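Chemist: Residues 10 to 48 (this note's numbering) are what the sequence shown spells out, left to right.
Ideal Cβ positions, reconstructed from N, Cα and C, are used throughout, including at glycine.
Since we're looking at a predicted model, the values are computed, not measured.
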Amino acid sequence: MAINAGSSSLKFQLLNMPQGALLCQGLIERIGLPEARFR
10 MAINAGSSSL
20 KFQLLNMPQG
30 ALLCQGLIER
40 IGLPEARFR
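#1: In chain order, what are the residue ranges of uninterrupted alpha helix (DSSP H) at least 4 long that sit wholly in the segment 20 to 46?
#2: If distances are taken between C-alpha atoms only, which option among R46, E44, A11 comes closest to Q22?
#3: Could you tell me the alpha carbon to alpha carbon distance between L24 and P43, rounded to whole angstroms?
#4: If you draw a straight line from the C-alpha of Q28 to the C-alpha of R48, how long is it?
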């Protein structure tokens with residue numbers, strides 16, 4: 010799992026190793042705000 014956390018967002022990817030094939034990914038943005046969303 011790879012995670013990139015910023016001040017108001019979080020991005021993640023789940024990889025199948027050792028090939029590095031992408032299994033899933035997502036983004037949570039505007040954390041703490043009423044218009045926050047998950048993609």
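Modeler: On the basis of the data shown:
#1: Fully contained in the segment 20 to 46 is no alpha helix (DSSP H) run of length 4 or more.
#2: Here residue 22 is taken as the residue at index 13 of the sequence shown, counted from 1. Residue A11 is the option with its Cα nearest to Q22.
#3: The residue you call residue 24 lines up with position 15 of the sequence shown. The residue you call residue 43 lines up with position 34 of the sequence shown. So the two alpha carbons sit approximately 31 Å from each other.
#4: Locating residue 28 in the sequence shown gives position 19, where the first residue counts as 1. Locating residue 48 in the sequence shown gives position 39, where the first residue counts as 1. Distance between the alpha carbons of Q28 and R48: 25 Å.
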